[in-house]
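Numbering (our numbering), first residue to last: 5 to 336. Every residue, glycine too, gets a C-beta built ideally from N, C-alpha and C. The next block holds one structure in the form of structure tokens; read it before the comments.
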Amino acid sequence: METTVRLMAIVAALLALMLAAPVLAAEVGFEEVGIPDGAEPPLTAGIWYPTDAPATPHALGNVTQTVAPDAPIAGRQLPLVVLSHGGAGWYGSHYDTALALARAGFVAAAVSHAGDTFDDQSRVLQLWRRPAQLHRLVDYMLDDWRGHERLDANRVGAFGFSNGGFTVLVAAGGAPNLSKIAPFCEVHAEHDLCEALRHAGVDVHFGANVRAGVWVHDARIKAVVIAAPAFGFAFGRAGLSGVRAPVQLWSAVDDRHQPHPWYDEPIRDRLPRAPDYRVVVNAGHYDFLPPCDARLARMRPEICGSAPGFDRAAFHRRFNADVVRSFESMLR
């Protein structure tokens, strides 16, 4: 009897390990979806996932990705990572990271944040809209996506860059104090943020009217990876006390768009649990975006240029591998 019980325990443990083990996909499936957003137009999102279907090159905006569009989904109990792009980006802004996650057995879903995309900057300073939109993405993926029954609702992570890093921190429990923007810009008028507000004719005191209760949190997010988060100075210790998920934080040494020590460092120093802090030497702010081909580099030199000697393609191979490993560890 004791031997039988012991064998049953071993079998149960092996089954649990098999369910938790990542699915190593032969290929990556992809689809674009519309997500209901109340009275507003549907949000647009991209979803990358493991598949056994053959993949071929397909255009994604100004880049090409090798995927199997609308293919069957491979695997069960798949972990989910939602991605939030930077200001003036779109759901395809971090397609290479999404592809790496899908190849490792994750489902990666990214939303275009309506009002803060490359073709619509009409609500860029209504920052509270972003975490609410990310929340809707998680809702959709776990409840309505055609593959929702293949997801493990207990293993949900979030990745964000720049404004997306801010978004993910809020979604994970952070509460910024935007009234800090005005005194910050009084001292640092030359910073990109403050110059942009001035050129747009926006009163830097706008944050004083933002209620604390406007921020939408999502307790389903169990792991966070952020790179060069925006508005870091707006988070105090109390405002970050609600972030209970483990955090990996990436910082570019030569980030002149969000210069040190007012963005990454306040997050690093004020989180209730010390993050896994990664510093990238010789990198600039936009080096966290995928490498550009020659055509895109001509179109968008401001986001495609890197410092002499910095190999963005090589960095992204390491970066994506580290992000995958981190989510595998944090969502175990």
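Residue i in three-state terms, based on DSSP
i    : result
D148 : coil
A112 : strand
D178 : Residue identity check: residue 178 is Gly in the sequence provided, not Asp. Coil.
L129 : coil
G205 : coil
V172 : helix
E44  : strand
P135 : helix
E153 : helix
V214 : coil
F323 : helix
E31  : strand
A186 : helix
R224 : coil
R329 : helix
A118 : coil
D123 : coil
E199 : helix
W336 : Before going further, note that residue 336 is Arg rather than Trp in the sequence given. R336 falls in the coil class under three-state DSSP.
A25  : Here A25 scores only 47 on pLDDT, less than 50, and its place in the model is too uncertain to base an answer on.
Selection from the options that minimises the alpha carbon distance to residue i
i    : options                   : result
S88  : H320, A318, L293 and L335 : L293
R304 : W254, Q125, D315 and Y290 : Y290
P180 : A113, L244 and D222       : L244
S97  : V283, Q69, H209 and P312  : Q69
F122 : G42, N66 and V218         : N66
R150 : E36, A318, A317 and R277  : E36
L173 : L275, R140, G109 and C198 : L275
A1   : S183, L47, R202 and A317  : In this structure the chain extends from 5 to 336, so residue 1 is not present and cannot be described.
D259 : P76, S166, V220 and L300  : S166
A78  : V86, F110, A63 and A49    : F110
P295 : C308, R302 and V285       : C308
A223 : P76, P54, V160 and S183   : V160
W132 : V228, R302, G177 and A108 : G177
D56  : R107, A175 and G42        : R107
A249 : L335, L105 and F239       : L335
V228 : P45, V328, P54 and H62    : V328
T261 : G50, D196 and G246        : The sequence as given places His at residue 261; Thr does not occur at that position. Ranking the options by Cα distance to H261, first place goes to D196.
V247 : P279, A216 and V218       : P279
G330 : S126, L138 and Y281       : Here residue 330 turns out to be Ser, not Gly, going by the sequence shown. S330 has its Cα closest to that of Y281, out of S126, L138 and Y281.
A63  : A234, A238, F34 and A43   : F34
V142 : P270, P58, V285 and I225  : I225
A238 : E44, G169, D326 and H203  : G169
S183 : G211, G240 and V128       : G211
R311 : V257, P265, I271 and P270 : According to the sequence as given, residue 311 is Ala; it is not Arg. Considering only alpha carbons, the answer is V257.
L47  : M145, Y53 and P263        : M145
P40  : I230, I185 and L138       : L138
Exposed unless 16 or more other CB atoms sit within 10 angstroms - verdict on residue i
i    : result
T60  : exposed
D268 : buried
G313 : exposed
V283 : exposed
A102 : buried
N324 : buried
D297 : exposed
P73  : exposed
D147 : exposed
N213 : exposed
E332 : buried
E194 : exposed
E31  : buried
R140 : buried
R134 : buried
M22  : Caution is warranted here: a pLDDT of 43 is assigned to M22, below 50, making its placement in the model unreliable, and no coordinate value can be reported.
A216 : exposed
D125 : Note on identity: in this sequence residue 125 is Gln, with Asp being the wrong assignment. Exposed.
A75  : buried
H203 : exposed
G42  : exposed
Any non-hydrogen atom of the ligand PLP closer than 7 Å to residue i Cβ
i    : result
W254 : For the structure depicted, the ligand PLP is absent and the ligand set is empty, with no information on it obtainable.
*Whole alpha helix (DSSP H) runs in the segment 234 to 318 with 4 or more residues, listed along the chain?*
241 to 244, 268 to 274, 298 to 303 and 305 to 308
*If you pair each beta-carbon of the segment 109 to 119 with each one of the segment 81 to 96, do three or more pairs fall below 8 Å?*
yes
*With a floor of 4 residues, list each alpha helix (DSSP H) that falls wholly inside the segment 57 to 112, ordered by position along the chain.*
99 to 107
*At least 3 beta-carbon pairs within less than 8 Å: the segment 77 to 87 vs the segment 151 to 170*: yes
_For the pair the segment 247 to 260 and the segment 198 to 218, tell me if three or more CB-CB distances fall below 8 Å._
no
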